[in-house]
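Counting from -9, one number per residue, gives the positions in the sequence shown under the working numbering.
Here a beta-carbon is modelled for each residue, glycine too, at the ideal position from N, C-alpha and C.
Note that the coordinates shown come from a computational prediction; the quantities given were computed from them, not determined experimentally.
Written out below as structure tokens is the structure these notes cover.
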Amino acid sequence: MNLLENIDILKNSDDIDLRRKAARFIAEAGVYHSEIIDAFIQGIVSEDYGLKDISYRALSHPPLEFAETVAKHIACFLTSEEIELRNLAADILLKIAAPAEDSLLPYLKNQDADIRQFAVDILGEIGTEKSIPAFIKLLKDENSNIVSSVIDGLGKLKAQESIKHFLPLYDQNEDYKPAIIEALSKIAGEEAEEFIINKFFSDNDFFILAACLEALAKISDKTYIADKLMSEISSFPEEIQPIILKTIIAISYRNNIKPELPLEYRSIARVALFDDDPDTRAAGLIALGDSFFVEDIPALINEVRSERVDSQKQILYNLLANSDISVVDRFFISLFYQEQAVVSYIEFLSLLPLFIDYSRAENIEQLIKTLVRLVIILGKANSDNLLEILLSINYNRTIEELKICNLNGSEEEKLEIREIAERLFLNELL
């Protein structure tokens, strides 16, 4: 069966199985023209999900020379009363991206607010500078949700010239405030930054303060702001202090400065390490500095749980290279004695050999003592893997510590050591 026959089946057959087979044949043929587009359009309006899916994938990635044609056909479905079809059309247009812009612009003038909203949301993601004048006009729309989306879209389009048009809206509607601050953080520039700074130091609303801080963390390079925030951090509500810390760190790093957190603010860094936002946690870890205290351990273990390898490496390096021996001992004991087990802790510990050359000798000594003792006492399921890591770090010292445990341990512990020695072929212990 040739291509034309399959196109006819896809467009006109009542047999859904045949239509699916035809759609697959056409999609795999690698040929694209107007009749094929029409056929796949018939496919996405089908009630059969299999056929709809094949047609959706074919229309989502048309050859560049047909992208605008496909977009023109698909944009018509934004007016459909079937929500599922409208959402499918929006998804296809998002995947077609910039070539769909011209087909979407007319829908910004549609009388239906929902349709205008759809068009704004899509163009905010895929539009170019061509969309900016139409967006600026829509700032006068009677629907506040659309205006908020337009402001968001102008931010995504980095429309510097639009700032003077949407800033006057700031005090007209509470809902516009966070949208404007977020848009300014994407557009950036001196005007945007000064506006955000002014609002941060003149507003008391928690959500506006948080939005301003997030924006400044993205765009500000003014060290005086970082200094001012550091000096006043304790005067702000505790809930917002970790975000302030993140902003200080971001501004400082943008200026190649490593900020020093006063000792009395160290608790803020610990709180930041329990935040859901990974950037806030990263700021908390940086703010703790190059060496850790015993009081830092719960927060550090919480970050280990996140399984972010970069932060895990930083924690291990600072522990072994810069921290006191007592902190090393307490950290690994705490790691093993968590009520909620640390996920994949053996993968975390497998990073240890990376830092041996940078570590204090006394910290490596304590590391081996602590971990060997924990393996024997707790009989962890991964004890063999952990001991292999320790043996790779310092074979002789690990064997020596096992011998000490064997000499001083209970009968149960001696049996555990013997079983380990047999499994790992450690003849020195047999």
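**Message:** Tell me which residues share the same chain as S349 and place their Cβ nearer than 7 Å to its Cβ, disregarding the 5 neighbours each side in the sequence.
**Reply:** L310, A311
**Request:** Go ahead and label V299 buried or exposed: buried means 16 or more other beta carbons lie within 10 angstroms of its beta carbon, across all protein chains shown.
**Result:** Answer is exposed; the Cβ neighbour count stays below 16.
**Request:** Let me know if R413 comes out buried or exposed under the rule of 16 or more other beta-carbons within 10 Å of its beta-carbon.
**Result:** Result: exposed.
**Asked** Short check: CB of S121 to CB of L159, under 8 Å?
**Response** no
**Message:** Whole angstroms are fine: how far does the CA of A65 sit from the CA of G20?
**Reply:** 24 Å
**Item:** Cβ shell of E352 (< 6 Å), same chain only, five flanking positions each side left out
**Value:** Hits under 6 Å: I315.
**Asked** By the 10 Å Cβ neighbour count, where 16 or more other Cβ atoms means buried, how is S221 classified, buried or exposed?
**Response** exposed
**Prompt:** Helix, strand or coil for V35 per DSSP?
**Reply:** coil
**Prompt:** What alpha helix (DSSP H) runs, 4 residues minimum, are completely inside the segment 261 to 295?
**Reply:** 268 to 277, 287 to 295
**Message:** Does S374 come out as helix, strand or coil in the three-state DSSP assignment?
**Reply:** The question names Ser, but residue 374 in the sequence shown is Asp. Residue state, collapsed to three classes: helix.
**Asked** Residues in its own chain within less than 7 Å of E293 by CB, not counting five upstream and five downstream?
**Response** Listed in chain order, the non-local C-beta contacts of E293 below 7 Å within the same chain comprise L263, R271, L275, S301, I305, local neighbours out to five positions each way being set aside.
**Request:** Return the Cβ separation of A431 and I171 in integer angstroms, given the expectation that the two are a contact with Cβ distance under 8 Å.
**Result:** Given that the chain is displayed from residue -9 to residue 420, the structure contains no residue 431 and the question cannot be resolved.
**Asked** First and last residue of the alpha helix (DSSP H) that includes I444?
**Response** Shown here, the chain extends from -9 to 420; a query on residue 444 therefore has no answer.
**Prompt:** In terms of residue numbering, what span does the alpha helix (DSSP H) encompassing Y335 cover?
**Reply:** 335 to 339
**Request:** For S242, I'd like the list of residues in its chain whose CB is within less than 6 Å of its CB, leaving aside the five on either flank, ordered along the chain.
**Result:** A216, P249
**Item:** Counted within 10 angstroms of its Cβ, other Cβ atoms place Q101 as buried (16 or more) or exposed
**Value:** exposed
**Prompt:** Nearest CA to the CA of F326: which residue from S373, F282, P252?
**Reply:** S373
**Prompt:** Looking at C-alpha atoms only, which residue of P232, K176, F185, E228 is the closest neighbour of K208?
**Reply:** K176
**Asked** Is it the case that the Cβ atoms of D38 and I6 are separated by a distance below 8 Å?
**Response** yes
**Request:** Taking only the alpha-carbon atoms, compute the straight-line gap between K303 and I112 and give it to the nearest angstrom.
**Result:** When the Cα atoms are used, K303 and I112 turn out to be separated by approximately 40 Å.
**Message:** Can you tell me whether Y166 is buried or exposed? The criterion is at least 16 other CB atoms within 10 Å of its CB, across all chains shown.
**Reply:** A buried status is given to Y166, since no fewer than 16 other beta-carbon atoms sit within 10 Å of its beta-carbon.
**Item:** Own chain, CB closer than 7 Å to D319, minus 5 neighbours either side, in chain order
**Value:** Q356, T360
**Contact check, I407 vs C395, beta carbons under 8 Å** = yes
**Pair within 8 Å by beta-carbon distance, L75 and V35** = yes
**Asked** Exposed or buried, which one is Q162 when buried takes at least 16 other CB atoms within 10 Å?
**Response** It counts as exposed.
**Message:** Buried or exposed for F196, going by 16 or more other Cβ atoms inside 10 Å?
**Reply:** That one is exposed.
**Beta-carbon proximity of I336 to I354, cut-off 8 Å** = no
**Item:** Start-end ranges of the alpha helix (DSSP H) lying completely within the segment 59 to 124, minimum 4 residues
**Value:** 73 to 86, 91 to 94, 103 to 116
**Prompt:** What's the gap between the Cα of P232 and the Cα of A178?
**Reply:** 23 Å
**Asked** Does DSSP put R298 in a helix, a strand or coil?
**Response** The answer is coil: DSSP assigns R298 none of H, G, I, E or B.
**Prompt:** Relative to the C-alpha of T213, which residue among N245, L8, A13 is closest?
**Reply:** Taking each of N245, L8, A13 in turn and checking the Cα distance to T213, the smallest one comes out for N245.
**Asked** For D280 versus N308, is the C-beta distance shorter than 8 Å?
**Response** In this structure, D280 sits near N308, with a CB-CB distance shorter than 8 Å.
**Message:** One question on the structure: do V365 and L377 come within less than 8 Å of each other, judged by their Cβ atoms?
**Reply:** yes
**Request:** State yes or no: is the C-beta of A200 within less than 8 Å of the C-beta of I239?
**Result:** No. Outside cutoff.
**Span of the alpha helix (DSSP H), counted from its first residue to its last, around L206** = Counted as a single uninterrupted DSSP element, the alpha helix (DSSP H) harbouring L206 occupies residues 196 to 209.
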